[in-house]
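Report on one structure; see the data block that follows.
There are 2 protein chains.
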Amino acid sequence: MNKLRISQRVSQVIHSPIRKFLPLVLKAEAKGIEVLKINVGDPDIEPSPKFWQALKKFPPQNLGYAPSPGIAEHTRAWQKYYTHFGLKLKPENIIPTVGCAEAMLFSLLVTTDPGDEIIVFEPLYSSYKGFAAVCNIKLVPITLRVDSGFALPNEQTIAKKITSRTKAIVVVNPNNPTGTILTSREITRLINLAVKHHLFIITDETYREIIFKGRPGSLLQITRARQQMILVDSASKRFSCPGARIGCLVSYNPAIMAAALKLAMVRLSAPTLEQYGLIPLLNNPRAFTRTITREYKKRRGAVIKGLRQIPGVTCYQPQGAFYLIAKLPVKNTEDFITFLLTSFQDKKQTILVTPAEDFYITEGLGRNEIRIAYVLDTKKLTRAMILLKKGLAEYQTRRQSS
Amino acid sequence: MNKLRISQRVSQVIHSPIRKFLPLVLKAEAKGIEVLKINVGDPDIEPSPKFWQALKKFPPQNLGYAPSPGIAEHTRAWQKYYTHFGLKLKPENIIPTVGCAEAMLFSLLVTTDPGDEIIVFEPLYSSYKGFAAVCNIKLVPITLRVDSGFALPNEQTIAKKITSRTKAIVVVNPNNPTGTILTSREITRLINLAVKHHLFIITDETYREIIFKGRPGSLLQITRARQQMILVDSASKRFSCPGARIGCLVSYNPAIMAAALKLAMVRLSAPTLEQYGLIPLLNNPRAFTRTITREYKKRRGAVIKGLRQIPGVTCYQPQGAFYLIAKLPVKNTEDFITFLLTSFQDKKQTILVTPAEDFYITEGLGRNEIRIAYVLDTKKLTRAMILLKKGLAEYQTRRQSS
Numbered sequence: 024m025n026k027l028r029i030s031q032r033v034s035q036v037i038h039s040p041i042r043k044f045l046p047l048v049l050k051a052e053a054k055g056i057e058v059l060k061i062n063v064g065d066p067d068i069e070p071s072p073k074f075w076q077a078l079k080k081f082p083p084q085n086l087g088y089a090p091s092p093g094i095a096e097h098t099r100a101w102q103k104y105y106t107h108f109g110l111k112l113k114p115e116n117i118i119p120t121v122g123c124a125e126a127m128l129f130s131l132l133v134t135t136d137p138g139d140e141i142i143v144f145e146p147l148y149s150s151y152k153g154f155a156a157v158c159n160i161k162l163v164p165i166t167l168r169v170d171s172g173f174a175l176p177n178e179q180t181i182a183k184k185i186t187s188r189t190k191a192i193v194v195v196n197p198n199n200p201t202g203t204i205l206t207s208r209e210i211t212r213l214i215n216l217a218v219k220h221h222l223f224i225i226t227d228e229t230y231r232e233i234i235f236k237g238r239p240g241s242l243l244q245i246t247r248a249r250q251q252m253i254l255v256d257s258a259s260k261r262f263s264c265p266g267a268r269i270g271c272l273v274s275y276n277p278a279i280m281a282a283a284l285k286l287a288m289v290r291l292s293a294p295t296l297e298q299y300g301l302i303p304l305l306n307n308p309r310a311f312t313r314t315i316t317r318e319y320k321k322r323r324g325a326v327i328k329g330l331r332q333i334p335g336v337t338c339y340q341p342q343g344a345f346y347l348i349a350k351l352p353v354k355n356t357e358d359f360i361t362f363l364l365t366s367f368q369d370k371k372q373t374i375l376v377t378p379a380e381d382f383y384i385t386e387g388l389g390r391n392e393i394r395i396a397y398v399l400d401t402k403k404l405t406r407a408m409i410l411l412k413k414g415l416a417e418y419q420t421r422r423q424s425s
Numbered sequence: 024m025n026k027l028r029i030s031q032r033v034s035q036v037i038h039s040p041i042r043k044f045l046p047l048v049l050k051a052e053a054k055g056i057e058v059l060k061i062n063v064g065d066p067d068i069e070p071s072p073k074f075w076q077a078l079k080k081f082p083p084q085n086l087g088y089a090p091s092p093g094i095a096e097h098t099r100a101w102q103k104y105y106t107h108f109g110l111k112l113k114p115e116n117i118i119p120t121v122g123c124a125e126a127m128l129f130s131l132l133v134t135t136d137p138g139d140e141i142i143v144f145e146p147l148y149s150s151y152k153g154f155a156a157v158c159n160i161k162l163v164p165i166t167l168r169v170d171s172g173f174a175l176p177n178e179q180t181i182a183k184k185i186t187s188r189t190k191a192i193v194v195v196n197p198n199n200p201t202g203t204i205l206t207s208r209e210i211t212r213l214i215n216l217a218v219k220h221h222l223f224i225i226t227d228e229t230y231r232e233i234i235f236k237g238r239p240g241s242l243l244q245i246t247r248a249r250q251q252m253i254l255v256d257s258a259s260k261r262f263s264c265p266g267a268r269i270g271c272l273v274s275y276n277p278a279i280m281a282a283a284l285k286l287a288m289v290r291l292s293a294p295t296l297e298q299y300g301l302i303p304l305l306n307n308p309r310a311f312t313r314t315i316t317r318e319y320k321k322r323r324g325a326v327i328k329g330l331r332q333i334p335g336v337t338c339y340q341p342q343g344a345f346y347l348i349a350k351l352p353v354k355n356t357e358d359f360i361t362f363l364l365t366s367f368q369d370k371k372q373t374i375l376v377t378p379a380e381d382f383y384i385t386e387g388l389g390r391n392e393i394r395i396a397y398v399l400d401t402k403k404l405t406r407a408m409i410l411l412k413k414g415l416a417e418y419q420t421r422r423q424s425s
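Residue numbers (our numbering), protein chains in the order written: chain L, 24 to 425; chain H, 24 to 425.
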């Protein structure tokens, strides 16, 4: 028997469709076509000058490992950051991680063994699918619908999916890819379920401050099931620095923190310089996050306005983050996106969006949906929506005539 | 049933003993005692000024995600780096990672499924133990002995440990924690086994250039079983910048690279700035690595000279990296290290070393051994060996009188 095969678990990780489109993007660009990219959550906004200033203060000296539970001053800065959201934490409740991605992986590893199940809501941020495959666990999806603004179903409907192997419920709030925010009723529902069925709640709050109404907060503010909660967080979006690779894992549960610390020690440390760079921003977060949230609100307006002028498109008003899912009057958005990149241009421009299928677990769902990330300025976004409208019209005409 | 337990896999990760000693170190330091720390592989040598210069050239701009397969210029710099060791690679054979740690995790995930086995040689760099627990795989140790300079046993002895579940052999070369280098006979033996039994070889070459005789190289230079090899590598030690968290995974096998790329995409990217910082060093590595290797050779001399003056200590001449394992005339080195930190001082100084037990998988092995990391200058190392000698003498006297 030849054992030189790739493992089952990695074979199950699905390639992101982004990769498939990259060669097509490069070809279009080689032909002199500008591709407006609203497919990835990689913001065009520069980080605060304070980040660069703090970096420069780091003298050319020994670039040693940061301590596994974070550079003390950096971890204390997260601690201070959370006081803005009514959270009193001790440094030992916080472990800085290599982006939210690592916090996610740690949360899944700490709460599950192979064969265990996690309740998620689809469409779902696709890295969870990859990490679940790596962790040999099963994601059990509750399907939400664009037509109902991705509202959660009632307690009983969710409870039906809970088995003896279910260990946790994952929520992303504000949500990627839908841009929705959990209502207080929905949160109560989830906490009821977690308490009743002894489940952990993994709450991914990467987009906390990017909300367009009300005050930002955290599920951790709710004391009832606090010991069951793991918060995964990130500096990437709120401070517009995803390349810094700094996030954190937070929990009031000492057993969770002890377990996460073991994982943190195995991987040694998160990057040293960026931990220093983020200290001033974590110490005084709101100035920066208020500015960018105002900007994203304007952008949302431009996208929604543009989408509403396209016949047959179903969309809704997202309340946070910088994404939305739109249903298009096409059968297969992957095919449509391929068309946009290979056979369409308007004044030497086209767009790149993400096919939503990647965000679903249930086979066949999301094929007529796309995710838009509003990571360009309003002028470009307005133009992008016109391109989408024109592209759709041309695509439909061609399909009818073929 | 209360399901709110920490997972089995993370429960199996053993806490590093370093953590246990940290409070004792802090207590000693609070009493005004200087603790010479030769316990962790965190070099005192500053990175090259070229690293800082390259960082400064990065303008205060969008700090976006690096591409998952690395920033093109950075990946090409690794490609150029490897030409110094006779390796012709394409960019698609290289994925920059978050330190060697991530490359290690990717290698294990790509080659194994839960329940699979990996052949390792103990004493073993302890992160492999942690990652194996996380991956739900079994490390099957071949025990090497300090008395025979950690030489590998013959082919038959190793073959006896191979089962239907064995997927790979892991080697760390030059070795942490032993400082040994595989002989060409040993390498042939391993390749024979890999070919015969269809096993992957995961070769961790973090310390490639830090060798005290001969020319540095790579197992990948051997063409025979090239498709079965995964190289895990790191900029941390050779460029003295562990806090940069940059390593890489290399393979000539396209299936391995495709699988590793999927994992790289799930975790998004390695830090952006440090990828830029390392470009000039990777493009011209030898100037820096030659200088530090000379320094480590001097340090090795100081440590060996000191150890040979201590009665009852067994040691050998390490050939690379900056570690060695020494057998001490005590029953339990953890107890001895506790003594050094709590009940010993000489002119207000003491030392911290690592108990070697942490590097063994077989229960009970390594209890009378320590690992020394020569990460201080020769003067301090000479003094550290005197402290070890005096500490040992005092410890033995107290044990006899108690």
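By construction, the Cβ of each residue, glycine as well, lies at the ideal position given by its N, Cα and C atoms.
Small disclaimer: the values here were computed from a predicted structure and weren't measured.
Same chain only: Cβ atoms within 6 Å of VAL422(H), ignoring 5 sequence neighbours per side = Per the sequence shown, residue 422(H) should be read as Arg rather than Val. Closer than 6 Å at the Cβ level, and outside the excluded window around ARG422(H), lies no residue.
Is there contact here, the region 185 to 195 of chain H with the region 132 to 143 of chain H, by at least three beta-carbon pairs under 8 Å?
-> When C-beta atoms of the region 185 to 195 of chain H are compared with those of the region 132 to 143 of chain H, three or more pairs fall below 8 Å, so the two segments count as touching.
Mind the definition here: the region 198 to 206 of chain H touches the region 336 to 344 of chain H only if three or more C-beta pairs lie below 8 Å; say whether that holds.
-> Touching, per the Cβ criterion.
Nearest neighbour of ALA281(H), chosen from SER91(H), PRO72(H), VAL33(H) [CA to CA] | In terms of CA proximity to ALA281(H), SER91(H) leads the group SER91(H), PRO72(H), VAL33(H).
For CYS271(L), return the contacting residues in chain H, with the cut-off set at a CB-CB distance below 8 Å.
-> Those do not exist, as CYS271(L) stays about 15 Å from chain H at its closest Cβ, beyond 8 Å.
Roughly how many angstroms lie between the CA atoms of ALA379(L) and LEU162(L), to the nearest whole one?
-> Our two residues, ALA379(L) and LEU162(L), have alpha carbons roughly 18 Å apart in a direct line.
What does SER150(H) reach in chain L if we use C-beta pairs closer than 9 Å?
-> Within 9 Å Cβ-Cβ: MET288, VAL289, ARG290, LEU291.
Within this structure, are the beta carbons of LEU404(L) and GLY343(L) separated by less than 9 Å?
-> For LEU404(L) and GLY343(L), no; Cβs fall outside 9 Å.
What are the boundary residues of the alpha helix (DSSP H) that includes VAL289(L)?
-> First-last of the alpha helix (DSSP H) with VAL289(L): 277 to 289.
CB of ILE117(H) within 9 Å of CB of LEU242(H), strictly = Not in contact: ILE117(H) and LEU242(H) (Cβ atoms no closer than 9 Å).
Considering only C-alpha positions, which residue in the set HIS107(L), ILE210(L), TYR299(L) is nearest to LYS79(L)?
-> Closest option to LYS79(L), Cα to Cα, is TYR299(L).
When the Cα atoms are used, what is the spatial distance from GLU232(L) to LEU304(L)?
-> The alpha-carbon separation between GLU232(L) and LEU304(L) amounts to approximately 13 Å.
Nearest chain L C-beta to PHE345(H) closer than 9 Å, yes or no?
-> Not an interface residue.
Which residues mark the beginning and the end of the beta strand (DSSP E) in which GLY324(H) is found?
-> Membership of GLY324(H) in any beta strand (DSSP E) is not indicated; the residue belongs instead to the alpha helix (DSSP H) covering 309 to 331.
Which partner residues of ARG16(H) appear in the DSSP bridge assignment?
-> Residue coverage of chain H in this structure runs from 24 to 425, which leaves residue 16(H) outside it and unanswerable.
Helix, strand or coil: which one does DSSP assign to PRO137(L)?
-> Correct three-state label for PRO137(L): coil.
Any C-beta of chain L under 9 Å from that of TYR397(H) = Not closer than 9 Å to any Cβ of chain L, the Cβ of TYR397(H) fails to qualify, so no.
From PRO265(H) to ILE61(L), what distance separates their C-alpha atoms?
-> Each residue's CA atom was taken as its position, placing PRO265(H) and ILE61(L) some 35 Å apart.
Contact between the region 208 to 222 of chain L and the region 164 to 181 of chain L: three or more CB pairs below 8 Å?
-> Yes, the region 208 to 222 of chain L touches the region 164 to 181 of chain L.
From PHE44(L), PHE74(L), ASP139(L), PHE367(L), pick the residue whose C-alpha is nearest to that of ARG28(H); which is it?
-> The residue among PHE44(L), PHE74(L), ASP139(L), PHE367(L) with its C-alpha nearest the C-alpha of ARG28(H) is ASP139(L).
Return the chain-ordered ranges of every beta strand (DSSP E) run that is complete within the region 248 to 274 of chain H and spans a minimum of 3 residues.
-> The region 248 to 274 of chain H contains these whole beta strand (DSSP E) runs: 252 to 257, 270 to 273.
To the nearest angstrom, report how far apart VAL255(L) and CYS158(L) are at their CA atoms.
-> The straight-line gap separating the alpha-carbon atoms of VAL255(L) and CYS158(L) is approximately 17 Å.
Using CA coordinates, which residue listed in ARG390(H), TRP75(H), THR373(H) is at the minimum distance from LEU351(H)?
-> The residue with the shortest Cα to Cα distance from LEU351(H) is ARG390(H).
The beta strand (DSSP E) with THR201(H) in it runs from where to where?
-> Neither: THR201(H) is in no beta strand (DSSP E) and is coded neither H nor E.
How many angstroms separate the CA atom of LEU86(H) from the CA atom of ARG238(L)?
-> Distance between the alpha carbons of LEU86(H) and ARG238(L): 27 Å.
Any beta-carbon of chain H closer than 9 Å to the one on TYR319(L)?
-> So, not an interface residue.
Pull up the distance between the alpha-carbon of THR312(H) and that of ASP136(H), whole angstroms please.
-> If I take the Cα positions, the gap works out to 37 Å.
PHE74(H) beta carbon less than 9 Å from that of ALA283(H) = Not closer than 9 Å, so no.
Inter-residue CB distance, GLU69(L) and SER259(L) (contact presumed, cutoff 8 Å) = In fact, because the Cβ distance is near 14 Å, the residues do not count as touching under 8 Å.
Output the boundary residues of the alpha helix (DSSP H) element that contains GLU509(H).
-> What the structure shows of chain H is the stretch from 24 to 425, and residue 509(H) is not part of that stretch, so it cannot be assessed.
Contact residues within the region 290 to 316 of chain H, judged by C-beta distance below 8 Å to chain L | Answer set for the region 290 to 316 of chain H: ARG290, LEU291, SER292, ALA293, PRO294, THR295, LEU296, GLU297.
Count the other CB atoms within 10 Å of the CB of GLN332(H); is the residue buried (16 or more) or exposed (fewer)?
-> By the 10 Å Cβ count, GLN332(H) comes out exposed.
For a contact meaning CB atoms closer than 9 Å, what does HIS38(H) contact in chain L?
-> At a beta-carbon threshold of 9 Å, the residues of chain L lying near HIS38(H) are ALA281, LEU284, LYS285, MET288, ordered along the chain.
Rounded to a whole number of angstroms, what is the C-alpha to C-alpha distance between VAL133(H) and ILE279(H)?
-> Here the C-alpha atom of VAL133(H) lies approximately 7 Å from the C-alpha atom of ILE279(H).
Could you tell me the distance, in whole angstroms, from the CA atom of GLN250(H) to the CA atom of ARG188(L)?
-> Answer to the nearest angstrom: the Cα atoms are 39 Å apart.
Does DSSP put PHE426(L) in a helix, a strand or coil?
-> Absent from the structure is residue 426(L), since the part of chain L shown begins at 24 and ends at 425.
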